[in-house]
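Student:
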Amino acid sequence: MLSVTDINVYYGAIHALKGISFHVEEGEIVSLIGANGAGKTTAMHTVSGLLRSRTGDITFMGESIAKTEPHKIVRMGLAQVPEGRRVFASMTVEENLEMGAFIRSGKDKAGMDEDLEMVYTRFPRLKERRRQQAGTLSGGEQQMLAIGRALMSRPKMLLLDEPSMGLSPILVQEIFDCIQEVKKGGTTVLLVEQNAKMALSISDRAYVLETGTNFLEGAAADLLDNEQVRRAYLGA
Amino acid sequence: MDFITQLLNGLGLGSIYALIALGYSMVYGIVQLINFAHGDIIMVGGYALYVMLVIAGMPLWLAVLAPIVVCGLAGVLIERLAYQRLLTHNAERISLLITALGVSIFLQNLFMLLFKSDAKTMPPMFGSGVFELGGLSVTYSTLINIVVSVVMMIGLQMLVNRTKIGKAMQATSEDAGAAKLMGINTNKIIIITFAVGSILAAVGAVLYCNTYPQIKPTMGNLLGLKAFVAAVLGGIGSIPGAMLGGYLLGVLEQLTKAYITTEVTDAVVFAILIVVLLVRPAGLMGKNRKEKV
Ligand SMILES: Nc1ncnc2c1ncn2[C@@H]1O[C@H](COP(=O)(O)OP(=O)(O)O)[C@@H](O)[C@H]1O
Ligand SMILES: [Mg+2]
Chain E
4 MLSVTDINVY
14 YGAIHALKGI
24 SFHVEEGEIV
34 SLIGANGAGK
44 TTAMHTVSGL
54 LRSRTGDITF
64 MGESIAKTEP
74 HKIVRMGLAQ
84 VPEGRRVFAS
94 MTVEENLEMG
104 AFIRSGKDKA
114 GMDEDLEMVY
124 TRFPRLKERR
134 RQQAGTLSGG
144 EQQMLAIGRA
154 LMSRPKMLLL
164 DEPSMGLSPI
174 LVQEIFDCIQ
184 EVKKGGTTVL
194 LVEQNAKMAL
204 SISDRAYVLE
214 TGTNFLEGAA
224 ADLLDNEQVR
234 RAYLGA
Chain F
43 MDFITQLLNG
53 LGLGSIYALI
63 ALGYSMVYGI
73 VQLINFAHGD
83 IIMVGGYALY
93 VMLVIAGMPL
103 WLAVLAPIVV
113 CGLAGVLIER
123 LAYQRLLTHN
133 AERISLLITA
143 LGVSIFLQNL
153 FMLLFKSDAK
163 TMPPMFGSGV
173 FELGGLSVTY
183 STLINIVVSV
193 VMMIGLQMLV
203 NRTKIGKAMQ
213 ATSEDAGAAK
223 LMGINTNKII
233 IITFAVGSIL
243 AAVGAVLYCN
253 TYPQIKPTMG
263 NLLGLKAFVA
273 AVLGGIGSIP
283 GAMLGGYLLG
293 VLEQLTKAYI
303 TTEVTDAVVF
313 AILIVVLLVR
323 PAGLMGKNRK
333 EKV
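As you go down the protein sequences, you meet chains E and F in turn. Residue numbers for the first sequence follow the numbering used here, so the first one is 4 and each next one is one higher. Residue numbers for the second sequence follow the numbering used here, so the first one is 43 and each next one is one higher.
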């Protein structure tokens with residue numbers, strides 16, 4: 004469904020991604036794990052078109068998106084929950100969700116209401132706070148809002164960049180449960196995490212990145228048992 | 043009564059500053075660019091009006107549409123030709139600033155070439171009478187300035203808060219990267235912002251020419267600077283801030299002229315502004331924005 008081949012991404016003179024490749028098949032949850040600064044966020048931004056690779060190619064559903072503008076990539080069905088949530092702080096919860104549905108026609112009021120209900124059912128706390136400014140929400144609520152917002156575009160594939168960052172264990176569990184439900188709902192998931200243990204436990208496959216290169220890859224269950232992974236990323 | 047008269051005169055002048063300040067503030071909010079060419083857009087609007095009214099002899103109602111169209115197009119053209127490449131390639135702020143100054147100098151010289159550098163006089167347009175009530179005495183043009191600016195601002199608020207495009211402008215202003223991830227074509231939003239800002243400036247130009255019936259190629263310098271100061275005073279990036287800053291600057295200027303000094307008005311006004319900004323560095327309605335990536 005998504006195929007990333009040999010991408011090289013630079014920030015000015017900094018060579019952040021040195022020829023990494025990965026792919027995600029329809030219906031999978033695939034994780035990218037790796038230490039801080041490994042290049043995970045850079046990879047996500049490049050897939051969404053916010054950054055450009057100098058080499059290689061990125062295809063989504065068989066079409067190259069390496070030169071496609073970000074807003075068109077969203078229209079093709081690829082949504083991202085960015086690192087740090089990045090909700091629109093001065094807008095209300097509901098306005099944020101409406102922005103998530105930006106690509107849909109303004110006339111589709113029924114579809115919008117239906118999807119708002121879907122998000123509110125999944126995250127009842129957002130419904131209670133629907134008229135509240137997003138900037139006043141707690142970190143966990145903002146993460147729920149960021150996920151709900153991305154789901155409002157009815158994506159075929161969802162990218163999540165460190166959704167568990169800074170959250171309490173209970174909230175982390177809630178977010179991961181939600182990711183599994185998203186998958187059951189038919190949306191393919193590409194997950195970036197530093198919390199490798201949690202990520203691997205819900206993933207089908209995973210890639211381990213190290214300083215901008217592919218380090219390891221395989222079935223999630225195998226990586227959980229892998230000696231190198233256990234030592235470096237699972238603290239075992 | 044004299045004080046109220048002066049206050050109204052100040053608001054009339056401030057209405058023009060406010061309309062121009064909105065363009066600085068909106069553009070800054072979206073792309074963090076101080077568009078120094080924005081002051082010259084007013085000058086372009088003034089000449090568009092002059093050409094239609096004096097040279098072509100068009101009726102007034104038709105002539106006032108010219109600045110709206112010409113300024114809107116000029117704003118879009120400037121964005122596309124001068125800024126867009128710099129913005130999409132994340133150029134340094136200083137490059138943008140120098141480009142903006144370059145566009146400003148280019149426009150002024152272009153209009154000197156086309157129309158000579160001496161001032162042109164505009165014919166009387168509308169509201170030349172005086173409104174009197176009790177001891178109150180203000181020109182109709184002052185009242186027209188206030189009413190038109192309030193109507194434009196209500197319209198702008200509705201555009202920004204009620205429409206899908208307006209919400210997308212807010213989102214782009216708050217976090218352009220996140221806005222792109224929502225499927226918003228931020229390039230298009232930037233162009234619309236330049237167009238809207240320039241159209242507001244065009245309305246300001248018509249009001250200005252009606253109130254102070256003289257135009258010249260360098261008229262945008264001081265007018266632009268004052269409107270920019272008004273935007274900073276209100277909190278640059280904030281739409282209500284730009285309005286408040288504009289009105290406040292006009293009132294301060296008028297009251298200073300009436301009760302303190304007519305010779306160094308600008309010095310007194312700017313001194314007051316510096317003090318305000320020392321106390322509130324982000325401006326009256328500005329938020330301390332966090333840096334975005
Ligand atoms: N905006 C930026 N400018 C310069 N270097 C950056 C920028 N963003 C990230 N980097 C660098 O690129 C590398 C990869 O960063 P990132 O993709 O954020 O890693 P991760 O998400 O895995 O923590 C790091 O060395 C980081 O310092
Ligand atoms: Mg990261």
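We treat Cβ as the ideally placed atom computed from N, Cα and C, and that holds for glycine.
Considering only heavy atoms of ligand 2, does any lie closer than 8 angstroms to the CB of E:Val232?
Tutor: By one-based count along the first sequence, residue 232 of chain E stands at place 229. It does not: the Cβ of E:Val232 is nowhere closer than 8 angstroms to a heavy atom of ligand 2.
Student: If I measure Cβ to Cβ from F:Gly239 and keep anything under 6 angstroms in the same chain, skipping five residues before and after, which residues do I get?
Tutor: The residue given as residue 239 of chain F occupies position 197 in the second sequence. Hits under 6 angstroms: Gly65, Met68, Val69.
Student: Nearest to F:Ser215 by CA position, among F:Ile278, F:Ser146, F:Leu143, F:Leu178, is which residue?
Tutor: Locating residue 215 of chain F in the second sequence gives position 173, counting from the first residue. Comparing Cα positions, the closest option is F:Ile278.
Student: Compute the Euclidean distance between the alpha carbons of F:Lys332 and F:Ala161, then round it to the nearest angstrom.
Tutor: Reading the second sequence from its first residue, position 290 is the one you call residue 332 of chain F. Reading the second sequence from its first residue, position 119 is the one you call residue 161 of chain F. Only weak support exists for where F:Lys332 lies, its pLDDT of 46 falling under 50; the coordinates are left without a value.
Student: Do E:Leu148 and E:Arg129 come within 9 angstroms of each other at the CB atom, strictly closer than that value?
Tutor: For the purposes of this step, residue 129 of chain E is taken as the residue at position 126 of the first sequence. For the purposes of this step, residue 148 of chain E is taken as the residue at position 145 of the first sequence. Here residue 129 of chain E turns out to be Leu, not Arg, going by the sequence shown. Yes, the pair counts as a contact, with Cβ atoms nearer than the cut-off.
Student: Consider the C-beta atom of F:Asn151 and the heavy atoms of ligand 1; say whether any pair is separated by less than 8 angstroms.
Tutor: Translated into the one-based positions of the second sequence, residue 151 of chain F becomes position 109. Look at F:Asn151: its beta carbon is at least 8 angstroms from all of the heavy atoms in ligand 1.
Student: Roughly how far, in whole angstroms, is the beta-carbon of E:Ile61 from the beta-carbon of E:Ala69, given that I think they are within contact range, below 8 angstroms?
Tutor: Counted from its first residue, the first sequence places residue 61 of chain E at position 58. Counted from its first residue, the first sequence places residue 69 of chain E at position 66. With a Cβ gap of about 5 angstroms, E:Ile61 and E:Ala69 count as contacting.
Student: Heavy atom of ligand 1 less than 8 angstroms from the Cβ of E:Asp164, yes or no?
Tutor: Residue 164 of chain E sits at position 161 when you count from the first residue of the first sequence. Checking the Cβ of E:Asp164 against ligand 1 gives yes.
Student: When you compare the CB of E:Met102 with every CB in chain F, is at least one pair closer than 9 angstroms?
Tutor: As a position in the first sequence, residue 102 of chain E is number 99, starting the count at 1. Yes, contact with chain F.
Student: Please determine if the stretch 41-48 of chain E and the stretch 219-226 of chain E are in contact, where contact requires at least 3 C-beta pairs separated by less than 8 angstroms.
Tutor: no
Student: Are there any heavy atoms of ligand 2 lying less than 8 angstroms away from the beta-carbon of E:Lys200, as far as the coordinates show?
Tutor: For the purposes of this step, residue 200 of chain E is taken as the residue at position 197 of the first sequence. False, no ligand heavy atom lies under 8 angstroms from that Cβ.
Student: Identify the residues that DSSP records as bridge partners of E:Ile11: which are they?
Tutor: Taking the first residue of the first sequence as 1, we reach residue 11 of chain E at position 8. It should be noted that the sequence gives Asn, not Ile, for residue 11 of chain E. The partner list for E:Asn11 (beta bridge, DSSP) reads E:Lys21.
Student: Please say whether F:Ile83 and F:Ala243 have beta carbons closer to each other than 9 angstroms?
Tutor: By one-based count along the second sequence, residue 243 of chain F stands at place 201. By one-based count along the second sequence, residue 83 of chain F stands at place 41. Yes, they are a contact pair.
Student: With distance defined between alpha-carbon atoms, name the residue in E:Gly15, E:Asp9, E:Val27, E:Tyr14 nearest to E:Lys21.
Tutor: Here the question's residue 21 of chain E lines up with position 18 in the first sequence. Of the candidates E:Gly15, E:Asp9, E:Val27, E:Tyr14, the one whose C-alpha sits nearest the C-alpha of E:Lys21 is E:Asp9.
Student: Going straight from the alpha carbon of E:Ile23 to that of E:Leu54, what length do you get?
Tutor: Here the question's residue 23 of chain E lines up with position 20 in the first sequence. Here the question's residue 54 of chain E lines up with position 51 in the first sequence. The alpha-carbon atoms of E:Ile23 and E:Leu54 are separated by roughly 15 angstroms.
Student: With a floor of 4 residues, list each alpha helix (DSSP H) that falls wholly inside the stretch 59-113 of chain E, ordered by position along the chain.
Tutor: Fully enclosed alpha helix (DSSP H) runs of 4 or longer: 73-78, 96-103.
Student: I want to see whether chain F comes within less than 9 angstroms of E:Arg234, judged by CB atoms only; does it?
Tutor: For the purposes of this step, residue 234 of chain E is taken as residue 231 along the first sequence, with counting starting at 1. No, E:Arg234 lies away from the interface with chain F (no Cβ there is under 9 angstroms from its Cβ).
Student: Roughly how many whole angstroms lie between the Cα atoms of F:Tyr92 and F:Leu290?
Tutor: Against the second sequence, residue 92 of chain F aligns to sequence position 50. Against the second sequence, residue 290 of chain F aligns to sequence position 248. If I take the Cα positions, the gap works out to 29 angstroms.
Student: With a threshold of 9 angstroms between beta carbons, is F:Glu333 in contact with chain E?
Tutor: As a position in the second sequence, residue 333 of chain F is number 291, starting the count at 1. Because F:Glu333 carries a pLDDT of 42, less than 50, the predicted location of this residue cannot be relied on, and no value is offered for it.
Student: In chain F, what lies closer than 8 angstroms to E:Ala92 by C-beta?
Tutor: As a first step, residue 92 of chain E must be located in the first sequence, where it is residue number 89. Ordered by position in chain F, the residues that pass the 8 angstroms Cβ test against E:Ala92 are Glu216.
Student: Give, in chain order, every residue of the stretch 221-238 of chain F whose Cβ lies closer than 7 angstroms to some Cβ of chain E.
Tutor: If you check each beta-carbon in the stretch 221-238 of chain F against every beta-carbon of chain E, the ones closer than 7 angstroms belong to Lys222, Leu223, Met224, Gly225, Ile226, Asn227.
Student: Out of E:Glu28, E:Leu35, E:Arg57, which one is the CA nearest neighbour of E:Val12?
Tutor: As a first step, residue 12 of chain E must be located in the first sequence, where it is residue number 9. That would be E:Arg57, whose Cα lies nearest to the Cα of E:Val12.
Student: Measure from the alpha carbon of F:Leu265 to the alpha carbon of each residue in F:Ile58, F:Gly54, F:Thr205, then state which is nearest.
Tutor: Residue 265 of chain F sits at position 223 when you count from the first residue of the second sequence. Nearest option by C-alpha distance: F:Ile58.
Student: Could you tell me if E:Arg208 is buried or exposed, where buried requires 16 or more neighbouring beta carbons within 10 angstroms of its beta carbon?
Tutor: Numbered from its first residue, the first sequence carries residue 208 of chain E at position 205. So E:Arg208 counts as buried.
Student: Should the stretch 224-233 of chain F be regarded as contacting the stretch 104-112 of chain E, the criterion being three or more beta carbon pairs within less than 8 angstroms?
Tutor: yes
Student: Identify every residue that forms a DSSP beta bridge with F:Leu175.
Tutor: Residue numbering aside, residue 175 of chain F sits at position 133 when the second sequence is read from its first letter. Bridge partners of F:Leu175: F:Leu178.
Student: Run through the DSSP bridge pairs and tell me what E:Gly221 is partnered with.
Tutor: In the first sequence, the residue the question calls residue 221 of chain E occupies position 218. Looking at the DSSP assignment, E:Gly221 forms a beta bridge with E:Ala209.
Student: Would you kindly check if the distance between the Cβ of E:Glu72 and the Cβ of E:Gly52 is under 9 angstroms?
Tutor: By one-based count along the first sequence, residue 52 of chain E stands at place 49. By one-based count along the first sequence, residue 72 of chain E stands at place 69. Contact: yes.
Student: Using beta carbons (cut-off 9 angstroms, strictly below), is E:Ala16 in contact with chain F?
Tutor: Reading the first sequence from its first residue, position 13 is the one you call residue 16 of chain E. Closer than 9 angstroms to the CB of E:Ala16 there is not a single CB belonging to chain F.
Student: Enumerate in chain order the residues of its own chain whose CB-to-CB distance from E:Lys200 is below 7 angstroms, with the five nearest sequence positions on each side excluded.
Tutor: Numbered from 1 along the first sequence, position 197 holds the residue referred to as residue 200 of chain E. Excluding sequence neighbours, E:Lys200 sits near Leu237.
Student: Give a single yes or no on whether E:Glu86 has its beta carbon closer than 8 angstroms to a heavy atom of ligand 1.
Tutor: The residue given as residue 86 of chain E occupies position 83 in the first sequence. Yes, the beta carbon of E:Glu86 sits closer than 8 angstroms to at least one heavy atom of ligand 1.
Student: Which residues in the same chain as E:Glu66 place their Cβ atom closer than 8 angstroms to its Cβ, once the five residues preceding and following it in sequence are excluded?
Tutor: What you label residue 66 of chain E is simply residue 63 of the first sequence in a count that begins at 1. Counting only Cβ-Cβ distances below 8 angstroms, and skipping sequence neighbours, we find Met79.
Student: So F:Gly81 and F:Gly262 are in contact, right, with Cβ under 8 angstroms, and what is the actual spacing, rounded?
Tutor: By one-based count along the second sequence, residue 81 of chain F stands at place 39. By one-based count along the second sequence, residue 262 of chain F stands at place 220. About 4 angstroms separates the CB atoms of F:Gly81 and F:Gly262; that is less than 8 angstroms, so the two are in contact.
Student: According to DSSP, simplified to helix, strand and coil, what is E:Glu196?
Tutor: The residue given as residue 196 of chain E occupies position 193 in the first sequence. Strand at E:Glu196.
Student: Tell me whether F:Val335 is buried or exposed, calling it buried when 16 or more other Cβ atoms sit within 10 Å of its Cβ.
Tutor: Counting from 1 along the second sequence, the entry for residue 335 of chain F is found at position 293. For F:Val335, the predicted structure reports a pLDDT of 37, less than 50, and the residue's modelled location is therefore unreliable. The matter cannot be settled from this model.
Student: With a threshold of 8 angstroms, are at least 3 pairs of Cβ atoms found where one atom belongs to the stretch 44-63 of chain F and the other to the stretch 302-319 of chain F?
Tutor: Fewer than three beta-carbon pairs drawn from the stretch 44-63 of chain F and the stretch 302-319 of chain F are found closer than 8 angstroms, and the two stretches are therefore not classed as touching.
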